[in-house]
Amino acid sequence: MANERIRACRACGAPVSPFMTFGRMPLANGFLLPDQVPSECFFELSPACCERCGLFQLMEQPAAERMFHGAYPFYSSSSVRMQRHFAELAAGIASRLAGVSDPLVVEIGSNDGTLLRHVRGAGCRVLGIEPAENVAAVARGLGIDVVSAFFDDRVGADILSRHGHAHAVVAANVICHIANIHAVAAGIAHLVAPDGFVIIEEPYLGDMIAKTAYDQIYDEHVFMLSARSIGYVCAQHGLELTDVVPQDTHGGSMRYVLAPAGSAPIHPRVIERLAHERAHGLGEPETYDAFRMRCERSRSTLRELLLSLRGQGKRVAAYAATSKSATVTNYCGIGPADIAYIADTTPLKHGKLSPGAHIPIVPAAEFARHPPDYALLFAWNHAQEIFAKEPAFRAGGGKWITYVPQVGVVA
Ligand code: TYD
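Going left to right, the sequence shown walks through residues 66 to 476 as the working numbering numbers them.
Right, dumping it as structure tokens:
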């Protein structure tokens, strides 16, 4: 299974070249046992932004089967905040479909069924599409029908022939995972009913740049989307961007609402967002030069902080073995000498080593049992939830370290 490397933009075919490299990276969810270290798989993590269509993308990505498989360790339900978010999204979808008889909602990347169980509870027929068998099995256990597949135009056509049109197609944190973005857009365009709608939610390029959240860049995020780039791709398949709604999930996401062209009014927010992206230079090479310099500064500041704590004999651990943390640890050269362990709630990660950096992953309860002096918060996007759940850490004198938007000890 070779890595896929490009020279031309995946959306428009214009030549693209990387504006920086993070170096050789492991799979962000490639948690491993010590005896698997010699066969660990790496790729070159180097992002580019297409000057012609604005699509932010990786120059190289490992094969999909290496990333999404029967032991995929990301469960949508792992955060209470995300569970609430998906319950709210489901309620919004159901209320929009209130006048439709027997509506069908299809979710691409349905993971453990966190969204669809609420959609079904609101009276809609649901169908999930999910290639990672272990998370799909959790959704099936909830009684949700799940197709085991990587979604594309062929799968979209197959679902259409078996189930008919979908009144809503939803994809949350998944379109940015799939390199063949045209096959996905074509599949969605086939599947959605002429009077239906599409909701896509993804980490937002604008937030990543504004917060220097470079840890959003890893193997699974082959794209960081913007209103401009998603609008450009979908327009080629007869879908129109009708609304954009910023979300505070995943450290800053965007909800893109689309519909078959001409079937729904376009909210003024779309025009405003496109103007905002132009004004913030999201398509300009200078923006990415400045971003690269901020990443380099962030890396040296974090390294200096960890080195100084080590010099003072402080015990440092980390909280949440996120996908994002693979980029931080490997780019910044952070290893077990800097961080004693990473505490995490996901049983599949326990007893394993973090990808590339090989820091031991321990159950979340270890954090309370052996609290460090300082805890590097890898799930900075869940900071409020985690601070609320670990009050004893601060009360006992522990200090949180963050690195987004800036490296520092949290006051
Ligand atoms: P998330 O930021 O959603 O991850 P990613 O960068 O992979 O998209 O965080 C999910 C991970 O964080 C998952 O490994 C579980 C862990 N986590 C905890 O350990 N404790 C917590 O309280 C929360 C919210 C997450």
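Ideal Cβ placement from N, Cα and C applies to all residues, glycine included.
Helix, strand or coil at Ala232 according to DSSP, with G and I counted as helix: The identity of residue 232 in the sequence shown is His, whereas the question assumes Ala. His232 falls in the strand class under three-state DSSP.
Near the ligand TYD: Ser419 beta-carbon under 7 Å from a heavy atom: Distances between the C-beta of Ser419 and the heavy atoms of the ligand TYD are all 7 Å or more.
Segments of 4+ residues assigned as alpha helix (DSSP H) that fall wholly inside the stretch 302-360: DSSP assignment within the stretch 302-360 yields the following whole alpha helix (DSSP H) runs of 4 residues or more, N-terminal first: 333-344.
Same chain only: Cβ atoms within 6 Å of Phe121, ignoring 5 sequence neighbours per side: Closer than 6 Å at Cβ, skipping near neighbours: Cys114, Leu270, Met289.
DSSP state of Gln101 mapped onto helix, strand, coil: DSSP places Gln101 within a helical segment (H, G or I) once states are collapsed to three.
Within 8 Å, strictly: CB atoms of Thr86 and Leu123: By the CB criterion at 8 Å, Thr86 and Leu123 fall outside the cutoff.
Within 8 Å, strictly: CB atoms of Arg131 and Met66: The beta carbons of Arg131 and Met66 sit closer together than 8 Å.
Whole runs of the alpha helix (DSSP H) within the stretch 98-138, excluding any shorter than 4 residues: The qualifying runs are 129-132.
Assumed close pair Val478, Ala250 - CB separation to whole angstroms, cut-off 8 Å: The first residue shown for the chain is 66 and the last is 476, placing residue 478 beyond what the model contains.
Presumed contact (8 Å Cβ cut-off) between Gly221 and Ile253, rounded CB distance: By a beta-carbon distance limit of 8 Å, Gly221 contacts Ile253. Their separation comes to about 6 Å.
Tyr406 versus Asp272: straight-line alpha-carbon distance, rounded: Using only the alpha carbons, I get a separation of about 29 Å.
Contact belief for Ile404 with Val381 at Cβ below 8 Å, rounded distance in angstroms: So it is a contact: roughly 6 Å between Cβ atoms.
For Glu285, the first and last residue of its enclosing alpha helix (DSSP H): No alpha helix (DSSP H) holds Glu285; DSSP gives it neither H nor E.
Helix, strand or coil at Pro401 [DSSP, three-state]: Coil at Pro401, not helix or strand.
For Thr467 and Gly473, believed in contact at Cβ under 8 Å, the rounded distance: At roughly 6 Å, the Cβ-Cβ gap stays under 8 Å, so Gly473 and Thr467 are in contact.
Short Cβ contact (8 Å threshold) for Ala197 with Phe133: Yes.
Distance cut-off 7 Å: Thr467 Cβ against heavy atoms of the ligand TYD: In terms of side-chain proximity, the C-beta atom of Thr467 is found no nearer than 7 Å to any non-hydrogen atom of the ligand TYD.
Buried versus exposed call for Gly206 [16 or more other C-beta atoms within 10 Å across all chains shown]: It is exposed - the Cβ of Gly206 has fewer than 16 other Cβ atoms within 10 Å.
Residue burial classification, Met90 (beta-carbon count within 10 angstroms, cutoff 16): Taking all protein chains shown into account, Met90 has 16 or more neighbouring C-beta atoms within 10 Å of its C-beta and is therefore buried.
For Asp409, the residue or residues it bridges with in DSSP: Residue pairing of Asp409 in beta bridges, as defined by DSSP: Pro428.
Backbone secondary structure at Ala440 - three-state DSSP: Three-state DSSP puts Ala440 in a strand.
CB-CB length for Val200 against Ala159, believed under 8 Å: Contact flag wrong, Cβ pair sits at about 23 Å.
Neighbourhood of Val218 by C-beta, 6 Å cutoff - its chain only, sequence neighbours within 5 removed: Sequence inspection shows Asp at residue 218; the Val mentioned does not correspond to that position. Cβ neighbours of Asp218 beyond the five flanking positions: Ala248, Ala251, Gly252.
Continuous beta strand (DSSP E) stretch holding Ile265: start and end: Start and end: 257-268.
4-residue-minimum alpha helix (DSSP H) runs that sit fully inside the stretch 149-194, ordered along the chain: If only complete runs of 4 or more residues are kept, the stretch 149-194 shows the alpha helix (DSSP H) at 181-186, in order along the chain.
For Ala73: DSSP bridge partner residues: Answer is Pro80, bridged to Ala73.
Contact belief for Lys414 with Phe96 at Cβ below 8 Å, rounded distance in angstroms: That pair is a contact at about 5 Å.
beta-carbon Lys464 near the ligand TYD non-hydrogen atom, thresh 7 Å: No.
Residue range of the unbroken beta strand (DSSP E) whose run includes Ala202: Not the beta strand (DSSP E): Ala202 falls in the alpha helix (DSSP H), residues 198-206.
Test item: CB-CB of Val203 and Gly178 under 8 Å: Yes, they are a contact pair.
Three CB pairs or more closer than 8 Å across the stretch 349-358 and the stretch 332-339: The stretch 349-358 is not in contact with the stretch 332-339.
8 Å Cβ cutoff met for Leu442 and Ala433: The answer is no: Cβ separation not under 8 Å.
Whole-angstrom C-beta distance between Tyr283 and Ser388, which should lie under 8 Å: The pair is a contact, with the Cβ atoms about 6 Å apart (cut-off 8 Å).
Under the three-state DSSP convention, the category Gly95 falls into: Gly95 sits in coil when the DSSP states are folded into three classes, being neither helix nor strand.
Boundaries of the beta strand (DSSP E) in which Val381 is found, first to last residue: Where Val381 is concerned, the enclosing beta strand (DSSP E) stretches over 381-384.
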